[in-house]
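Chains as they are written, first to last, in the numbering used here: chain A, 10 to 336; chain B, 10 to 336; chain C, 10 to 336; chain D, 10 to 336.
There are 4 protein chains.
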Amino acid sequence: MVKFGILGAGRIGKVHAATIAASARASVAYVADAIPDAANALAASVGAKVSTIDAILASDVDAILIATPTDTHADLIEQAARAGKAILCEKPVSLSVERIEACLPVVEKAGVPLMIGFNRRFDPNFASLQKRLRDGEIGDVELVTIISRDPAPPPVSYIERSGGLFRDMMIHDFDMARFLVGEEFVTVHALGGALVDKAIGTAGDVDTASVQMQTASGKIVVITNSRRATYGYDQRLELHGSKGMLRAGNVHMTTVESATASGFNADVIQNFFIDRYVAAYAAEVNTFIDAMASGKTPTPSGHDGLQAQRLAEAATKSRQTGEVVRV
Amino acid sequence: MVKFGILGAGRIGKVHAATIAASARASVAYVADAIPDAANALAASVGAKVSTIDAILASDVDAILIATPTDTHADLIEQAARAGKAILCEKPVSLSVERIEACLPVVEKAGVPLMIGFNRRFDPNFASLQKRLRDGEIGDVELVTIISRDPAPPPVSYIERSGGLFRDMMIHDFDMARFLVGEEFVTVHALGGALVDKAIGTAGDVDTASVQMQTASGKIVVITNSRRATYGYDQRLELHGSKGMLRAGNVHMTTVESATASGFNADVIQNFFIDRYVAAYAAEVNTFIDAMASGKTPTPSGHDGLQAQRLAEAATKSRQTGEVVRV
Amino acid sequence: MVKFGILGAGRIGKVHAATIAASARASVAYVADAIPDAANALAASVGAKVSTIDAILASDVDAILIATPTDTHADLIEQAARAGKAILCEKPVSLSVERIEACLPVVEKAGVPLMIGFNRRFDPNFASLQKRLRDGEIGDVELVTIISRDPAPPPVSYIERSGGLFRDMMIHDFDMARFLVGEEFVTVHALGGALVDKAIGTAGDVDTASVQMQTASGKIVVITNSRRATYGYDQRLELHGSKGMLRAGNVHMTTVESATASGFNADVIQNFFIDRYVAAYAAEVNTFIDAMASGKTPTPSGHDGLQAQRLAEAATKSRQTGEVVRV
Amino acid sequence: MVKFGILGAGRIGKVHAATIAASARASVAYVADAIPDAANALAASVGAKVSTIDAILASDVDAILIATPTDTHADLIEQAARAGKAILCEKPVSLSVERIEACLPVVEKAGVPLMIGFNRRFDPNFASLQKRLRDGEIGDVELVTIISRDPAPPPVSYIERSGGLFRDMMIHDFDMARFLVGEEFVTVHALGGALVDKAIGTAGDVDTASVQMQTASGKIVVITNSRRATYGYDQRLELHGSKGMLRAGNVHMTTVESATASGFNADVIQNFFIDRYVAAYAAEVNTFIDAMASGKTPTPSGHDGLQAQRLAEAATKSRQTGEVVRV
């Protein structure tokens with residue numbers, strides 16, 4: 010049994026706590042949150058106790074799940090590592106590459122497992138696609154197209170402290186690109202604009218963007234993002250390889266289709282990220298529990314978190330300067 | 010809070026118990042099963058006590074969920090009704106129309122709610138389709154095509170006590186036909202054969218069948234069934250109406266698609282009925298709980314169970330005699 | 010070079026004449042039509058001469074293409090056969106089974122080839138499906154679903170002399186059923202109603218119908234027809250076999266798809282039968298030309314025409330009597 | 010009647026000649042080709058005479074269709090312009106931007122119409138998509154994804170004189186980008202590699218490439234190309250706008266789909282460009298004929314040809330230098 014302490018009782022903390030509670034091999038022992046009501050409610054729902062971060066780190070829990078605000082992640086990872094706990098931290102480690110570079114050696118020195126919660130790797134569709142790629146179904150991958158579009162932009166107040174679209178939204182796609190291609194990217198070029206909401210532009214960010222990247226061996230990845238899609242939460246991957254193509258599409262709300270004089274109409278796609286990735290979040294936590302049980306090193310690792318952040322930083326810089334950035 | 014006693018701790022009993030346990034408005038108080046280990050395991054998983062049927066009926070539970078073998082349903086419904094309990098009974102009430110006709114007046118006299126577990130009405134896809142039909146999206150329905158194909162035939166030993174394909178498998182489609190068309194059928198004609206497994210024919214049943222039925226107003230429903238589909242559990246509906254068509258398709262295992270020199274390949278469809286209808290089973294139980302809470306009469310009712318069984322009986326007779334049966 | 014005389018310069022006569030004119034192995038020598046302008050226009054467009062039926066039959070043409078009104082087909086087939094000409098006749102030979110039974114021996118005695126223009130056998134989609142079935146891709150066929158829906162009903166004046174839906178519209182599906190299953194049907198049951206237009210019912214016909222048929226070996230075919238489909242000319246086949254399923258879908262007007270808050274919208278399907286089957290009509294005529302060149306017997310044969318008509322007659326009788334008809 | 014002289018009796022010349030011959034408003038008067046047999050065969054098939062380029066330009070033809078090798082286009086356009094003929098020239102005007110810049114003023118001075126044969130604008134699917142975009146169906150376009158993949162790379166000998174992938178293959182996508190977005194691009198960045206065939210790299214070209222471009226107003230277009238796709242000739246467009254998405258997909262060989270234990274299989278897509286764009290080629294020529302008849306200026310114009318070539322040149326330079334190119 011893996012005994013967890015959960016730091017952060019917000020939206021994602023709750024999703025993960027439910028997965029742990031439903032596992033036959035893990036349990037939630039403690040919950041900490043700056044908002045007492047949130048901590049109490051979550052603790053009650055999974056039979057855990059409310060506590061403080063310090064007390065949890067000092068307790069006998071085996072693992073710490075970090076689901077607190079982003080700017081606390083790196084500090085908490087270091088504290089948990091020093092306390093000898095295995096760590097599952099929501100992405101990102103930090104919006105700053107430098108901060109991650111300082112954090113990871115602390116974890117390494119402590120010798121504890123650190124897994125970063127890039128949930129999309131665990132989506133059954135994307136995971137199946139990646140497995141089929143690795144199994145050679147389409148030969149060598151040459152060209153990857155990643156499309157991510159949110160249903161609607163977040164408030165400008167969120168945008169302002171988000172680190173920008175490349176660090177906040179496209180970070181998932183950078184990780185997915187590395188996950189799929191299995192090589193590092195050496196060239197990054199980004200384009201962007203505030204086409205959805207001018208206020209986002211005024212805040213120094215973009216809401217519509219594209220990035221193209223290339224590995225040393227020549228493999229190309231193209232990513233496009235929009236902060237608004239009227240038809241739902243659009244999440245697609247397409248891989249072109251020497252023997253064929255593999256792609257993963259969206260999940261429609263229902264399989265119902267109509268046909269009238271206006272044409273054939275299929276349902277909109279799922280539009281809330283937690284609904285869309287409910288299976289992914291569960292698989293992510295269970296993968297961590299499996300790794301704890303088997304003694305294997307869980308991935309995505311802290312290094313994966315660092316590399317994705319480096320790409321986000323390169324893209325941010327490229328968009329700002331208008332030039333190509335070498336990583 | 011609706012307090013449940015669950016009779017039957019098998020496959021479906023477990024699915025329903027989990028839904029009740031997860032509901033904020035209901036709980037499982039007691040579980041009974043002829044197999045003590047099954048009862049114990051289920052009771053433990055939902056925080057209930059193991060008991061006997063008689064004791065549960067004599068207890069303070071509000072509702073009885075009947076998930077025992079088919080041949081016990083009618084007797085248990087009558088006992089539960091006499092005990093004044095609300096009843097959610099897995100389909101069918103009985104394989105015998107006469108037995109159902111005897112049972113329902115007992116329920117009526119007792120004045121308790123009785124809901125029959127035709128799970129497919131609660132599938133989000135089919136429920137959405139039916140709602141859109143009722144909302145007038147395709148005008149008046151004229152022609153309905155229902156396709157149901159199981160992944161693989163059950164053992165002949167099961168077939169022998171199943172009541173035959175029309176009562177055991179197509180019963181779901183008869184209920185769906187009534188649910189969609191909203192009228193009773195007056196003409197039934199069935200065809201069938203043992204094309205999948207000759208042993209099924211030797212046992213007096215068929216594994217491949219079609220039925221066409223018509224209402225007094227002329228609406229037509231065509232149902233086809235097969236006990237075997239190599240590509241999964243095939244469950245489709247198509248409605249043709251005066252203003253257009255509505256249909257609900259299958260659920261694929263993933264959204265992954267490949268394209269190679271062999272063409273474009275999409276994943277097989279879900280092939281286990283509990284996976285396919287997991288959301289339907291939950292919605293079914295929650296509908297019953299809602300009805301209990303609001304005092305509304307839940308459907309599908311005992312009468313719905315009776316009418317579906319009458320169609321199954323008519324189809325069975327039509328297939329055996331080769332003639333059209335008027336209902 | 011196969012030299013053709015074309016009888017009938019209407020819609021289908023024109024389509025076939027263009028195919029013959031475009032063939033490197035055939036030419037149109039003469040055209041006859043009761044309407045001089047129609048004959049002149051068609052003759053001019055393919056470099057042929059206008060003539061009379063008698064003169065054409067007495068000429069040196071190798072083959073007669075009959076595209077005149079249905080009630081003249083049987084007589085013209087007999088005349089052409091006696092004149093020693095190969096014959097390609099639009100379906101049907103006659104609306105009367107008896108008349109066909111009288112006609113075919115005349116053809117047989119004359120020893121001339123007779124091909125009946127069931128165009129759908131030559132549709133590239135349906136032909137590919139049938140070939141893949143014959144090649145064993147889905148094992149033995151067990152269950153066939155045929156859906157045919159016209160965009161809009163013809164005028165009642167047409168209905169009145171059409172022979173009824175089963176002879177006029179479903180005749181294509183009866184031929185397709187035989188083409189796909191490769192066995193004769195022994196049981197026919199039909200349902201129908203005038204749900205689209207009551208005037209069609211007053212005229213003694215139906216506009217919505219279903220037929221289920223079974224072969225001696227147990228194979229089942231289900232056909233549904235409607236005289237009206239708001240979304241286009243709906244033409245689909247689905248075959249269920251021991252190793253899987255094969256189906257052929259509709260052809261959309263374009264491949265354009267939109268996605269908005271209203272869902273995903275694909276274009277309507279082709280809605281004019283000549284557009285939908287343009288490739289089929291050409292392949293039909295070229296098959297006849299090939300057969301002439303190679304000395305092979307072309308199919309579908311006169312016997313195929315007879316058998317389809319027998320099914321149409323059985324279905325008509327079944328619908329009228331409400332009983333099953335044995336063929 | 011528009012009287013045409015056709016220069017070049019190759020693959021495309023033949024396709025266009027057939028369209029002209031089938032038009033009620035145009036005819037082919039003369040054909041010229043360096044290969045006498047080709048000229049003779051084509052002239053015979055459309056009832057035209059074989060002649061020389063000079064004689065055709067001196068004749069009474071109204072229009073010249075240029076379908077000769079690329080390196081002759083600019084010279085022939087100038088000659089035809091000076092002869093006062095309307096001109097339909099296959100793309101591109103020249104592989105050299107400078108040469109086009111020199112050529113267009115000659116046309117302008119002569120005051121003759123010049124249309125460049127970017128066939129894809131006339132594909133019914135793409136044309137419908139563009140019309141729906143212009144009609145406002147998805148609001149303002151923000152992000153465009155263009156995917157073009159050839160079935161197989163051409164011989165290296167062809168590659169060597171092709172001007173490179175961006176001028177030879179992606180040129181179509183550059184034109185499509187301008188056609189769809191309706192604004193000029195100011196920033197171009199290209200990536201590329203020889204991932205399909207190293208010999209293509211040795212010849213100084215790439216076979217796999219991506220380009221991202223942005224207009225002054227911020228609209229982004231992403232193009233990916235591969236010289237090889239195992240599943241056919243892949244040609245797709247996707248537009249993301251403020252109100253939704255519009256996309257145009259591929260055309261499958263048939264509508265047949267199978268379902269087996271291996272999943273659901275749809276046919277490969279059309280894989281020969283002339284088959285895929287047969288309707289587009291005809292619509293292109295008919296658009297030119299319409300413009301001649303109505304006195305309207307046909308598009309795409311010489312300026313469109315120039316602008317596409319400028320993007321191709323910018324992309325070539327970007328790929329070679331690794332830097333962003335401002336246009």
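Even glycine gets a Cβ: it sits at the ideal position worked out from N, Cα and C.
Cβ-based contacts, 8 Å cut-off: residues of the region 248-263 of chain B near chain D: Taking 8 Å as the Cβ-Cβ cut-off against chain D, the residues of the region 248-263 of chain B that qualify are 261.
Taking 9 Å as the CB-CB limit, is residue 209 of chain A close to chain D? Chain D contact via Cβ: absent.
Ordered list of beta strand (DSSP E) runs contained in the region 250-290 of chain B, each at least 3 residues: Taken in chain order, the unbroken stretches of beta strand (DSSP E) that lie wholly in the region 250-290 of chain B and span 3 residues or more are 253-257, 265-269, 272-275.
For the region 271-283 of chain A, which residues have a beta carbon sitting closer than 9 Å to at least one beta carbon of chain C? If you check each beta-carbon in the region 271-283 of chain A against every beta-carbon of chain C, the ones closer than 9 Å belong to 271, 272, 273, 274, 275, 276, 277, 278.
Taking the alpha carbon of residue 317 of chain A as the reference point, which residue from A:88, A:126, A:164 has its own alpha carbon closest? Of the candidates A:88, A:126, A:164, the one whose C-alpha sits nearest the C-alpha of residue 317 of chain A is A:126.
Closer than 9 Å by beta-carbon distance: list the chain B residues that pair up with residue 79 of chain D, in chain order. In chain B, no part has a C-beta under 9 Å from the C-beta of residue 79 of chain D; the shortest such distance is about 31 Å.
Can you tell me whether residue 281 of chain C is buried or exposed? The criterion is at least 16 other CB atoms within 10 Å of its CB, across all chains shown. With fewer than 16 other Cβ atoms within 10 Å, it is exposed.
Should residue 39 of chain D and residue 64 of chain D be called a contact, given that it needs their Cβ atoms to be closer than 9 Å? Yes, they are a contact pair.
Going straight from the alpha carbon of residue 307 of chain A to that of residue 270 of chain D, what length do you get? Taking the straight line from one Cα to the other gives about 33 Å.
Mark residue 170 of chain D as exposed unless 16 or more other C-beta atoms lie within 10 angstroms of its C-beta, in which case mark it buried. Burial call: exposed.
Buried or exposed by the 16-neighbour rule on C-beta atoms within 10 Å, applied to residue 243 of chain D: With 16 or more other Cβ atoms inside 10 Å of its own Cβ, residue 243 of chain D counts as buried.
Rounded to whole angstroms, what is the Cα-Cα separation between residue 287 of chain D and residue 124 of chain C? If I take the Cα positions, the gap works out to 31 Å.
Can you check whether the CB of residue 158 of chain A is closer than 9 Å to the CB of residue 251 of chain D? Going by beta carbons, residue 251 of chain D and residue 158 of chain A fall outside the 9 Å limit.
Can you pull the chain A neighbours of residue 268 of chain B, defined as C-beta to C-beta under 7 Å? Within chain A, the residues placing a beta-carbon under 7 Å from that of residue 268 of chain B are 253, 254, ordered along the chain.
Pick out whichever of B:128, B:334, B:113, B:330 has its Cα sitting closest to the Cα of residue 76 of chain B. Nearest neighbour of residue 76 of chain B by Cα position, chosen from B:128, B:334, B:113, B:330, turns out to be B:128.
Taking the alpha helix (DSSP H) that residue 167 of chain C belongs to, which residues open and close that run? Segment 165-169, the alpha helix (DSSP H) holding residue 167 of chain C.
Helix, strand or coil: how does DSSP classify residue 232 of chain B here? The DSSP-derived three-state label of residue 232 of chain B is strand.
Could you tell me which of B:262, B:66, B:154, B:208 sits nearest to residue 284 of chain B, measuring between CA atoms? It is B:262.
Can you check which of these residues, D:278, D:245, D:33, D:227, is closest to residue 207 of chain A by C-alpha distance? Among D:278, D:245, D:33, D:227, the Cα nearest to that of residue 207 of chain A is on D:227.
Identify which residue in D:58, D:27, D:136, D:143 has its Cα closest to the Cα of residue 258 of chain D. For residue 258 of chain D, the nearest C-alpha among the options comes from D:136.
For the beta strand (DSSP E) containing residue 10 of chain B, name the first residue and the last one. First-last for residue 10 of chain B: undefined, no H or E at that position.
Ends of the alpha helix (DSSP H) at residue 209 of chain A? Element bounds for residue 209 of chain A: 207-211.
For the beta strand (DSSP E) that residue 174 of chain A lies in, which residues bound it at each end? Counting along the chain, residue 174 of chain A falls outside any beta strand (DSSP E), though it belongs to the alpha helix (DSSP H) covering 174-177.
Can you list, in chain order, the stretches of the alpha helix (DSSP H) that have 4 or more residues and sit fully within the region 182-207 of chain B? When DSSP assignments are scanned along the region 182-207 of chain B, no uninterrupted stretch of alpha helix (DSSP H) that is 4 or more residues long falls wholly within it.
Could you tell me the alpha carbon to alpha carbon distance between residue 311 of chain D and residue 222 of chain D, rounded to whole angstroms? The straight-line gap from Cα to Cα measures roughly 22 Å.
I need the straight-line Cα distance from residue 143 of chain B to residue 249 of chain B, nearest angstrom please. Take the alpha-carbon of residue 143 of chain B and the one of residue 249 of chain B: they are about 13 Å apart.
Would you say residue 204 of chain D faces chain C, with C-beta separation under 9 Å as the test? Chain C contact via Cβ: absent.
Three-state class that DSSP yields for residue 138 of chain D in the structure shown: The answer is helix: DSSP assigns residue 138 of chain D an H, G or I state.
Using C-beta distances below 8 Å, list every residue in its chain close to residue 110 of chain D, excluding the 5 sequence neighbours before and after it, in chain order. The residues 315, in chain order, have a CB closer than 8 Å to that of residue 110 of chain D in the same chain once the five nearest residues on each side in sequence are set aside.
Against chain A, does residue 163 of chain B count as a neighbour if the rule is that its beta carbon must be under 9 Å from one of theirs? In terms of beta-carbon proximity, residue 163 of chain B stays away from the interface with chain A, with every pair separated by 9 Å or more.
Segment contact flag, the region 81-93 of chain D with the region 35-51 of chain D, C-beta cutoff 8 Å, min 3 pairs: The region 81-93 of chain D makes no contact with the region 35-51 of chain D; the number of CB pairs closer than 8 Å stays below 3.
Going by DSSP, which residues form a beta bridge with residue 99 of chain A? According to DSSP, residue 99 of chain A bridges with A:126.
Just to check my reading of the structure: residue 298 of chain A and residue 36 of chain A have Cβ atoms closer than 8 Å, yes? What is that Cβ distance to the nearest angstrom? Between the beta-carbon of residue 298 of chain A and that of residue 36 of chain A there is about 10 Å, and that puts the pair past the 8 Å contact cut.
Per DSSP, which one or two residues make a beta bridge with residue 243 of chain A? The beta-bridge partner set that DSSP reports for residue 243 of chain A consists of A:158.
Can you find a C-beta in chain D that's less than 9 Å from the C-beta of residue 128 of chain C? Contact with chain D is absent for residue 128 of chain C, since none of that chain's Cβ atoms lies less than 9 Å from the residue's Cβ.
Which whole-angstrom value is the C-beta distance of residue 97 of chain C and residue 74 of chain C, which I expect to be below 8 Å? Contact annotation, residue 97 of chain C with residue 74 of chain C: C-beta distance approximately 5 Å; criterion of less than 8 Å satisfied.
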